[in-house]
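Colleague: The following block contains the structure, expressed as structure tokens.
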Amino acid sequence: MLFERPEIPLALPERATFRCAFALPEDFGHWSGEAFGDRPSDTADRRATVEEQPNGLVLDDGTASAPIALVHVGGGEFRLQGWTDERSLHLDRHRRVARFIIRTGSSWQVTERETTPLPASHR
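Residue numbers (the UniProt record's numbering): 1 to 123.
Printed below as a string of structure tokens:
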């Protein structure tokens, strides 16, 4: 069973603290039911950023025609707008780590990448 936790809105000052850049695993945005590394092409990462826009935070990996809106589900964890919680992104601002989470049934797989905060002028 796939879940979609409700949005927990972030206050405007808190939203800005999640802005960062990181290496996004190539297969994170592919809905396939496969775990990280199950496909030969899954070894490549690409640069992505979490940016602040007037309506909220977005994930921009440079491949989509527009950045993908992020829905905060609590504790710094986000799902992609329109997706279930099967795949989510947890941004740990204190450790400067992005965790990419894939849930399949009752099992989880987590892949981590370091994050770099974006300067205030990078908007």
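In this text, a Cβ means the ideal position worked out from N, Cα and C, and glycines have one as well.
Rounded C-beta distance between Leu118 and Thr49? I'm assuming under 8 Å.
Modeller: Within the sequence shown, residue 118 is the residue found at index 118, counting from 1. Within the sequence shown, residue 49 is the residue found at index 49, counting from 1. Contact holds; Cβ gap of about 6 Å.
Colleague: Using a Cβ-Cβ cutoff of less than 8 Å, which residues in the same chain neighbour Cys8 once the five nearest sequence positions on both sides are dropped?
Modeller: For the purposes of this step, residue 8 is identified with residue 8 of the sequence shown, where counting begins at 1. One point to set straight first is that residue 8 is Ile, not Cys, in the sequence displayed. Around Ile8: His72, Val73, Gly74.
Colleague: Who does Pro25 pair with in a DSSP beta bridge?
Modeller: Working through the sequence shown from its first residue, we reach residue 25 at position 25. Asp45, per the DSSP bridge assignment.
Colleague: In angstroms with no decimal places, state the Cα-to-Cα distance between Asp42 and Gly29.
Modeller: Start at 1 with the first residue of the sequence shown, and residue 42 comes out as number 42. Start at 1 with the first residue of the sequence shown, and residue 29 comes out as number 29. In this prediction, Asp42 has a pLDDT of 48, which is less than 50 and means its spatial position is unreliable; what the coordinates show is noted afterwards. Cα to Cα, Asp42 sits roughly 11 Å from Gly29.
Colleague: If I follow the unbroken beta strand (DSSP E) through Glu114, where does it start and stop?
Modeller: As a first step, residue 114 is located in the sequence shown; it is residue number 114 there, counting from the start. Run containing Glu114: 107 to 117, per the beta strand (DSSP E) assignment.
Colleague: Can you tell me where the alpha helix (DSSP H) holding Leu12 begins and where it ends?
Modeller: Within the sequence shown, numbered from 1, the residue matching residue 12 stands at position 12. Leu12 -> alpha helix (DSSP H) spans 12 to 16.
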